[in-house]
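Here my numbering is used: the first residue of the sequence shown is 3, the next is one more, and so on.
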Amino acid sequence: MLMNSGGRIMSAAEYKESLRRYQPRVFVNGQVVASVADEPQFEPGIRAVGVTYDFAQRPEYGGLMLAEQATSGATVNRMLHINRDTDDLLSKLEAVRLLCRETGCAQRYLTHDALNAIYQSTWAMDQDASNAEYHPRFLEYLHRVQQEDLTLGVAMTDAKGDRSKRPHQQSERNSYVHIKERRSDGVVLSGTKAIVTGGPYMHELLVMPCRTMTEADEDFAVCCAVPIDAEGLTIVARPAGRPGDEEAKFSAKYGQSTAVCHFADVLVPWERVFMAGEWQHTEHLVTSYANHHRHSCIGARAGFGDLLIGAGALMSESNGLDMDKVPHLRDAMVDLIKITESFFACGVAASVYGVTDPCGSLMPEPVFSNIGKLLLATKIYDMHRAAHEVSGGLIVALPGPDEDHNPETAGDLAAVLGGRSDIPYAQRMEVSRFIGDLTASSTGGWYSVISLHGGGSPAAMKREIFRRYPVEERQALVERLLDRGVADTGESGAPPRQRQPGQCCDTGCTVPGEIKSD
Ligand SMILES: Cc1cc2nc3c(=O)[nH]c(=O)nc-3n(C[C@H](O)[C@H](O)[C@H](O)COP(=O)(O)OP(=O)(O)OC[C@H]3O[C@@H](n4cnc5c(N)ncnc54)[C@H](O)[C@@H]3O)c2cc1C
């Protein structure tokens, strides 16, 4: 175990062991789970999160995976660090790529993104309040999380019910997590968070609002930390990846569970509450989280791109084709590289042009961050296409693993399904199954959908890009070039400029195409 000042940096084995301290109420495939740490259905997820711990112990990754927390001086895992400068943002981006080229999805960057957003919003809330309690309270919590090297799930996306209605208008109040009761010792939560990556094998959940709230939604404006085994919390999870499936060359080893988290009268003590009704601050919290998270998604999917590029090249090679000499295969590979590195470049730009929050921490520049996430969200399907193009149909058509050791067929198959003569059939088969798993199985679908919707659907990114981009400045530039007089707002007869939707105020804006629900 590595020690930091007063704390520790756990290894993967210690992280897995630490899960035994908790007794959460978890179901998977219709069965109750006796021990999360020993449940085979979660093993690929626990192993993937474990990589975030083990990599922090490797001296060669120290600069990326470790950081010094400014408010305590402690050395902490990068996934628990509050960003202060450009190097922090670049290191986080590269660290997430490193973790995800190994694991596909390592979950823990969500912890990072939520901690950074709550750090900013608690500080902002305290500027408005007569008794500034939230930020010091959160700092204390943050330092404990860092000291104990915890992993926190993000419980943000509510079940939401009828999407055309606001939380308070829902016929089923529990479709959004809300404060049911305020007591002297804390708040009582009720409601449902619909999609929580890694739910069962988190130490705690960070509950956050998933949208901007209005005054009528005050009870739904809640942010707090809940231990995974809090009384009243039930977690209904899917398996992590494809555990035990021999054909799943990647996702039998690494994958993530997603979970529905149902809160039934969960008491959260005040020292763990970071927002309780301050609906005016939900916009800041939600967009700050989205900004950090979209930046992380860029690193994550660039890691996925690395896997497809490597596997596609190996598949061509075992097919006996040299990409250098076959132009259309080279083109497909260049497409894959172009897509991966273009959204990654947006992540680099968002880091380099990072924006200092009034609290002193650094945020990724939001336009580049949102463009990068929008690119990967829509181009993931082209990435799969390029991988399919170079690989051929075997990735979905190869006989299953049961035939690998069938004495009646195994020999024949190895002889006739080989590719290049000096590459063993077993190797060709492995890479074929690897690509099939990542792009054309339930895991492949999972990566498409997480790319498209994880961190917000494309409409949310488009809204942020349009809201933040200085269109008016560009308009003024052209007006000046056309010699119409930029500063002239009326006297010359020029029409006053319209403000972009979403830029006119902090809350309640109407986005083109969005259903207005109040
Ligand atoms: C694999 C995976 C892992 C995830 N992990 C997490 C996690 O760890 N934590 C977490 O909190 N969330 C997580 N998410 C959730 C993710 O953030 C959401 O999927 C995303 O925000 C979209 O919400 P939704 O799925 O409810 O879709 P919906 O909100 O139902 O959206 C569906 C479509 O309807 C449109 N739409 C919705 N409402 C309106 C409206 N009022 N007006 C007009 N159009 C509308 C959307 O733009 C979209 O095109 C995860 C998602 C996936 C797929």
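We treat Cβ as the ideally placed atom computed from N, Cα and C, and that holds for glycine.
Between the CA atoms of residue j and residue i - distance to the nearest angstrom
i	j	result
V30	A131	43 Å
A218	A227	24 Å
L454	A461	10 Å
C107	E481	47 Å
V270	S186	11 Å
R22	Q477	59 Å
I341	M335	10 Å
T509	T216	Here T509 scores only 49 on pLDDT, less than 50, and its place in the model should not be relied on; the value that follows carries that caveat. The alpha-carbon atoms of T509 and T216 are separated by roughly 8 Å.
A119	A399	45 Å
H180	S253	35 Å
S177	A416	53 Å
L100	K94	10 Å
L310	S259	22 Å
E206	A69	22 Å
G200	P241	10 Å
Y256	V34	22 Å
G65	L483	48 Å
L152	G322	47 Å
I382	F345	11 Å
P211	D384	33 Å
D56	M12	8 Å
I237	W448	20 Å
G349	T411	49 Å
First through last residue of the alpha helix (DSSP H) which encompasses residue i
i	result
D337	329-354
D308	284-320
T88	88-105
T77	T77 -> not in any alpha helix (DSSP H); beta strand (DSSP E) instead, spanning 77-79.
A412	412-418
A254	Premise fails: A254 is in no alpha helix (DSSP H) and is neither H nor E.
Rounded Cβ spacing between residue i and residue j (contact assumed at less than 8 Å)
i	j	result
S353	R430	Going by Cβ atoms, the distance from S353 to R430 rounds to 39 Å, so no, they are not a contact pair.
I437	A313	5 Å
L117	L144	6 Å
Backbone secondary structure at residue i - three-state DSSP
i	result
M158	coil
H407	coil
A14	helix
P497	Its pLDDT being 44, under 50, P497 is placed unreliably in this model, and the value from its coordinates should be taken loosely. If DSSP states are grouped into helix, strand and coil, P497 belongs with coil.
V179	coil
V34	strand
A232	coil
E432	helix
T216	coil
L112	helix
F140	helix
Boundaries (first-last residue) of the beta strand (DSSP E) holding residue i
i	result
S371	Where S371 is concerned, there is no enclosing beta strand (DSSP E), although the alpha helix (DSSP H) it sits in stretches over 368-393.
P229	224-229
T271	Going by the sequence as given, residue 271 is Pro instead of Thr. 260-271 is the span of the beta strand (DSSP E), which, as asked, contains P271.
S192	188-199
L68	68-70
N133	Where N133 is concerned, there is no enclosing beta strand (DSSP E), given that its DSSP letter is neither H nor E.
V206	Contrary to the premise, residue 206 reads as Glu rather than Val in this sequence. Unbroken beta strand (DSSP E) run through E206: 206-209.
F468	Premise fails: F468 lies in the alpha helix (DSSP H), 460-470, not in any beta strand (DSSP E).
Using 8 Å as the cut-off, can you tell me whether the region 45-53 makes contact with the region 308-326, which would need three or more C-beta pairs spanning the two stretches below that distance? no
Counting pairs of Cβ atoms below 8 Å between the region 393-405 and the region 329-341, do you hit three or more? no
Quick check: the region 155-173 against the region 185-204, are there 3 or more CB pairs under 8 Å? yes
Between the region 290-309 and the region 344-361, do three or more beta carbon pairs fall short of 8 Å? yes
Below 8 Å, how does it come out for the region 262-281 and the region 73-84: are there three or more Cβ pairs, yes or no? no
Sufficient close CB pairs (3 or more, under 8 Å) joining the region 236-256 to the region 441-450: Counting Cβ pairs under 8 Å, three or more are found: they touch.
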